[in-house]
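Here the structure comes first, spelled out in structure tokens, and everything after it is commentary.
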Amino acid sequence: MNLKELKEILQILDEKEITEFELEEQGIKLRIRKTPPVSLSPGPLAPVAPPPAPGVPVLVGSGPQPRPAESPATPGSAPTPPLPAEEAGLILVKSPIVGTFYRSPDPAAPPFVNVGDRVRVGQVLCIIEAMKLMNEIEAEVSGEIVKIHQETGQPVQYGEPLFAIRPER
Amino acid sequence: MFKKILIANRGEIALRVMWACKELGIKTVAVYAEPDRHSLHVRFADQAVCIGPARSVESYLNIPAIISAAEITGADAIHPGYGFLSESSYLAEICEACAIKFIGPGPQAIRLMGDKSRAKKAMIKAGVPVIPGSPGVVEDEDKATRLARETGFPVILKASAGGGGRGMRIIREASEVAPAFRAAQAEAAAAFGVPDVYIEKYVEAPRHIEIQVMADTKGNVVHLGERECSIQRRHQKLIEECPSPVVTEKLRRRMGRAAVEAAAAVQYVNAGTIEFLVDEQSNYYFMEMNTRIQVEHGVTELVTGRDLVKEQIHIAAGEPLSFAQKDLGFVGHAIECRINAEDPVTFIPSPGTIRSFNVPGGPGVRVDTAAHEGCEISPYYDSLVAKLMVHGRDRREAIARMRRCLDVMVVEGIRTTVPLHRRIMDDPDFLAGRLSTKFMERFQVARKAPVAGP
């Protein structure tokens with residue numbers, strides 16, 4: 145057996161994912177054993193306790209002033225509603241900042257938009273108050289308001305869903 | 002005492018602050034960027050608020066988002082951790098304006114210590130030794146030569162507007178001054194647009210030894226001893242220990258007193274660290290002050306038995322320090338190895354998912370980490386995976402303990418600096434306590450040189 149033959153054998157073993165191979169011929173005995181990829185760990189590991197089940201992290205509790213009610217974030221508990229699935233064709237308007245959501249410019253005024261309203265690009269949909277500043281959130285598409293995900297006075301975090309809009313063509 | 006603290010940070014320090022809050026019965030608010038959605042600090046907090054996308058500037062450095070998160074959760078204090086906004090006088094000021102307590106010093110102390118030249122002036126005024134040198138820009142060659150002689154060779158010529166090692170020249174004798182001065186000025190003008198240079202004493206292969214201080218609002222200032230942090234690469238600390246192998250009790254008293262005077266001189270409140278350069282004759286020189294809790298605070302906690310983060314919270318709540326200088330003792334020896342997600346040879350970052358994670362335990366071991374099996378070490382933030390600390394009766398035991406911990410510290414799925422630390426634990430200079438900021442340079446070179454024998 146020469147080196148070339150040996151290489152060919154090794155290649156075949158690799159391709160076929162054979163882990164053990166023995167060959168005896170003409171005074172040569174060849175035994176090849178492939179071990180699975182060696183782990184760097186020094187020995188069998190005690191299984192590490194699995195981390196708490198992933199869940200949607202607790203959003204800030206709902207309710208306006210004085211202080212929102214808290215939901216304890218014990219691992220595995222999911223008192224918050226799951227993120228709304230983006231239905232086919234709907235655009236989800238998400239909060240770009242952290243703050244408090246208001247549907248109207250002031251308590252006495254009517255809301256900026258209602259479900260069923262048609263909105264244009266740039267139209268103000270709501271206000272998010274942060275650090276005493278009122279930030280107007282504008283529509284980035286034209287279309288129809290299909291769903292409103294928050295109530296006035298609710299705290300919202302970055303990325304929180306606010307409105308679902310069915311965009312017009 | 003606070004009812005609820007918002008932790009404006011992530012990773013292991015967010016957890017560290019959380020542990021102190023939980024023990025004190027204080028509710029916690031975690032803030033997070035989107036990639037950290039499933040992090041431990043988010044999961045173990047009482048409330049969590051997403052404050053932005055991955056980029057730090059839009060999340061962990063986003064002051065409006067953080068303040069807003071404090072407002073909507075009703076947090077009455079913010080702990081900034083280390084890094085990120087921990088030394089932002091701006092955040093400290095806004096907290097004051099919004100009636101949220103910033104757990105740290107006041108904005109003025111942060112600003113003062115953040116300005117290196119103002120800090121140095123304040124230290125000179127307080128009688129703290131600083132690196133001798135020219136009071137300001139050196140105008141000409143003759144003045145340069147005179148100053149260099151007064152300061153004592155070797156000296157280093159530095160560009161005022163410079164940094165990154167450029168525009169620096171080491172001068173070892175008087176005859177070298179004039180040509181070096183001319184060249185440094187030219188280099189400074191070319192690189193930074195301003196030819197201004199100044200002179201400082203050059204401390205060869207100094208040790209980086211820092212003193213932990215704590216001050217309350219009642220005028221009490223204490224020091225909690227030193228940490229030796231000389232093992233660094235590109236100014237990033239890799240290994241820290243407490244106490245320093247070369248600091249005698251007498252030196253500790255002197256440096257401690259200097260640090261306390263420095264803190265008192267700037268009306269410092271809360272936790273801080275004064276960094277000194279120490280030469281081979283044990284002369285120490287003020288380098289800078291860090292106005293925050295530091296990564297390596299744990300080794301001080303292990304040796305003194307004090308909880309520094311709880312102390313921070315008490316101080317911020319207006320309570321006095323829970324101990325006086327005379328109550329403080331130093332027991333045993335502690336070492337910390339920073340386990341980073343980097344190649345142990347090239348230091349190239351190695352983000353990814355941790356597939357297998359085994360953290361050592363047993364006597365005298367403390368591991369601060371937010372990592373776990375299945376967690377994602379993201380490329381957006383720093384590469385610290387875990388702080389592996391050991392405590393022993395003496396330095397020898399601490400080293401032996403660190404060796405066995407590193408041997409069983411398993412982190413698979415990413416590369417880490419565990420093998421590097423393990424090699425350092427066998428290095429003769431390290432074992433002998435022969436440390437300086439040149440250690441890593443020498444260590445890397447020695448490693449690459451062909452091995453002559455076992």
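Protein chains in written order, with the numbering used here: chain A, 145 to 313; chain B, 2 to 455.
Glycine is no exception: its CB is placed at the ideal position from the N, C-alpha and C atoms.
All figures in this text were calculated on a predicted structure; none of them were measured in a lab.
- Task: Show which residues of chain A have a CB atom less than 8 Å away from the CB atom of B/P36.
- Result: Mapped onto the second sequence, residue 36 of chain B falls at position 35. For B/P36, there are no neighbours in chain A by C-beta distance under 8 Å, as the nearest C-beta there is about 12 Å away.
- Query: Is the Cβ of A/P314 closer than 8 Å to any Cβ of chain B?
  - Reply: Absent from the model: residue 314 of chain A. The displayed extent of chain A is 145 to 313, so no value can be given.
- Message: Taking a contact to mean a Cβ-Cβ separation below 8 Å, would you say B/P106 touches B/L92 in this structure?
- Response: Here residue 106 of chain B is taken as the residue at index 105 of the second sequence, counted from 1. Here residue 92 of chain B is taken as the residue at index 91 of the second sequence, counted from 1. Against a cut-off of 8 Å, the Cβ pair of B/L92 and B/P106 comes out as no contact.
- Task: Starting from the Cα of B/E297, find the closest Cα among B/D308, B/F287 and B/M288 and give me that residue.
- Result: As a working note, residue 297 of chain B is residue 296 in the second sequence. The shortest C-alpha separation from B/E297 is found at B/D308.
- Message: According to DSSP, is B/F182 part of a helix, a strand, or is it coil?
- Response: On the second sequence, position 181 is the one that residue 182 of chain B refers to. If DSSP states are grouped into helix, strand and coil, B/F182 belongs with the helices.
- Query: Cβ of B/E337 within 8 Å of Cβ of B/E250?
  - Reply: Reading the second sequence from its first residue, position 336 is the one you call residue 337 of chain B. Reading the second sequence from its first residue, position 249 is the one you call residue 250 of chain B. It is not a contact, given that the beta carbons lie outside the stated cut-off.
- Item | DSSP three-state assignment for B/G105, whether helix, strand or coil | Position 104 of the second sequence, counting from 1, holds the residue named residue 105 of chain B. Assignment of B/G105 by DSSP, reduced to helix, strand and coil, places it in the coil class.
- Task: Could you check which residue in B/V300, B/V386 and B/A399 has the C-alpha nearest to that of B/G363?
- Result: If you number the second sequence from 1, residue 363 of chain B lands on position 362. Closest option to B/G363, Cα to Cα, is B/A399.
- Enumerate in chain order the residues of its own chain whose CB-to-CB distance from B/N221 is below 8 Å, with the five nearest sequence positions on each side excluded. Counting from 1 along the second sequence, the entry for residue 221 of chain B is found at position 220. Only residues of its own chain outside the window of five on either side were considered, and among them P321, L322 and A325 have a CB closer than 8 Å to the CB of B/N221, listed in chain order.
- Which class does B/F331 belong to by DSSP, given the choice of helix, strand or coil? Locating residue 331 of chain B in the second sequence gives position 330, counting from the first residue. Residue state, collapsed to three classes: coil.
- From A/F165 to A/D158, what does the alpha carbon distance come to, in whole angstroms? Residue mapping note: residue 165 of chain A aligns to position 21 of the first sequence, counting from 1. Residue mapping note: residue 158 of chain A aligns to position 14 of the first sequence, counting from 1. Roughly 11 Å separates the two Cα atoms.
- For the stretch 377-419 of chain B, list the alpha helix (DSSP H) runs that are entirely contained and at least 4 residues long, ordered along the chain. Correct list: 396-409.
- Task: Give every residue of the same chain whose Cβ lies closer than 6 Å to the Cβ of A/G287, excluding the five residues on either side of it in the sequence, and list them in chain order.
- Result: Position 143 of the first sequence, counted from the start, is the residue given in the question as residue 287 of chain A. Excluding sequence neighbours, A/G287 sits near I309, R310, P311 and E312.
- Tell whether a beta-carbon distance below 8 Å holds between B/Y286 and B/V214. The residue you call residue 286 of chain B lines up with position 285 of the second sequence. The residue you call residue 214 of chain B lines up with position 213 of the second sequence. Taking 8 Å as the Cβ cut-off, B/Y286 and B/V214 do not qualify as a contacting pair.
- Task: Could you give the DSSP three-state label for B/V198: helix, strand or coil?
- Result: On the second sequence, position 197 is the one that residue 198 of chain B refers to. Correct three-state label for B/V198: strand.
- Task: Measure the C-alpha to C-alpha separation of B/R17 and B/N359 and round it to an integer number of angstroms.
- Result: In the second sequence, the residue the question calls residue 17 of chain B occupies position 16. In the second sequence, the residue the question calls residue 359 of chain B occupies position 358. Answer to the nearest angstrom: the Cα atoms are 19 Å apart.
- Message: I'd like the list of long-range same chain contacts for B/Y33, defined as Cβ closer than 8 Å, with 5 residues on each side in sequence excluded.
- Response: The sequence position of residue 33 of chain B within the second sequence is 32, counting from 1. Excluding five sequence positions before and after B/Y33, the CB atoms of its chain that fall closer than 8 Å to its own CB belong to R11, S40, H42, V43, A49, V50, C51, I52 and S60, given in chain order.
- Task: Just mark A/P188 as buried or exposed, buried being the case when its beta carbon has 16 or more other beta carbons within 10 Å.
- Result: Counted from its first residue, the first sequence places residue 188 of chain A at position 44. Low per-residue confidence applies at A/P188: pLDDT is 40, beneath 50, and the placement is therefore not dependable, though the value from the model is reported in the following sentence. Burial is judged here by how many other beta carbons sit within 10 angstroms of a residue's own beta carbon; A/P188 has fewer than 16 and is exposed.
- Query: Do B/I172 and B/V156 have their C-beta atoms closer together than 8 Å?
  - Reply: Within the second sequence, numbered from 1, the residue matching residue 172 of chain B stands at position 171. Within the second sequence, numbered from 1, the residue matching residue 156 of chain B stands at position 155. Going by C-beta atoms, B/I172 is nearer than 8 Å to B/V156.
- Query: Going by DSSP, which residues form a beta bridge with A/F245?
  - Reply: Residue mapping note: residue 245 of chain A aligns to position 101 of the first sequence, counting from 1. According to DSSP, A/F245 shares a beta bridge with A/I272.
- Item | Among A/I176, A/I289 and A/L154, nearest to A/G233 - alpha-carbon criterion | For this step, residue 233 of chain A is matched to residue 89 along the first sequence. With respect to the C-alpha of A/G233, the residue from A/I176, A/I289 and A/L154 having the closest C-alpha is A/I289.
- Message: According to DSSP, simplified to helix, strand and coil, what is B/T354?
- Response: Residue numbering aside, residue 354 of chain B sits at position 353 when the second sequence is read from its first letter. Correct three-state label for B/T354: strand.
- Message: Restricting to Cα atoms, I'd like to know which of A/K178, A/A253, A/E169 and A/Q301 is closest to A/T163.
- Response: Mapped onto the first sequence, residue 163 of chain A falls at position 19. Cα-wise, what sits closest to A/T163 is A/K178.
- Residue-chain proximity (A/G207, chain B), Cβ-Cβ < 8 Å: Taking the first sequence and counting its residues from 1, the one referred to as residue 207 of chain A is at position 63. In this predicted model, A/G207 has a pLDDT of only 31, less than 50, meaning its place in the structure is not dependable; the value taken from the coordinates is given anyway. Output row for A/G207: interface = no.
- Task: Mark B/R150 as exposed unless 16 or more other C-beta atoms lie within 10 angstroms of its C-beta, in which case mark it buried.
- Result: Mapped onto the second sequence, residue 150 of chain B falls at position 149. B/R150 is exposed by the Cβ-count criterion.
- Query: Does A/G303 have its Cβ less than 8 Å from a Cβ in chain B?
  - Reply: Stepping through the first sequence from its first residue, residue 303 of chain A is reached at position 159. Taking 8 Å as the threshold, the shortest C-beta distance from A/G303 to chain B falls below it.
- Message: Here's the rule I'm using: 16 or more other beta-carbon atoms within 10 Å means buried, otherwise exposed. How should A/I156 be labelled?
- Response: Numbered from 1 along the first sequence, position 12 holds the residue referred to as residue 156 of chain A. Exposed is the label assigned to A/I156, since fewer than 16 other Cβ atoms lie within 10 Å of its Cβ.
- Query: Which bits of chain A does B/A70 rub up against, with CB to CB less than 7 Å?
  - Reply: Taking the first residue of the second sequence as 1, we reach residue 70 of chain B at position 69. Neighbours of B/A70 on chain A, chain order: V242.
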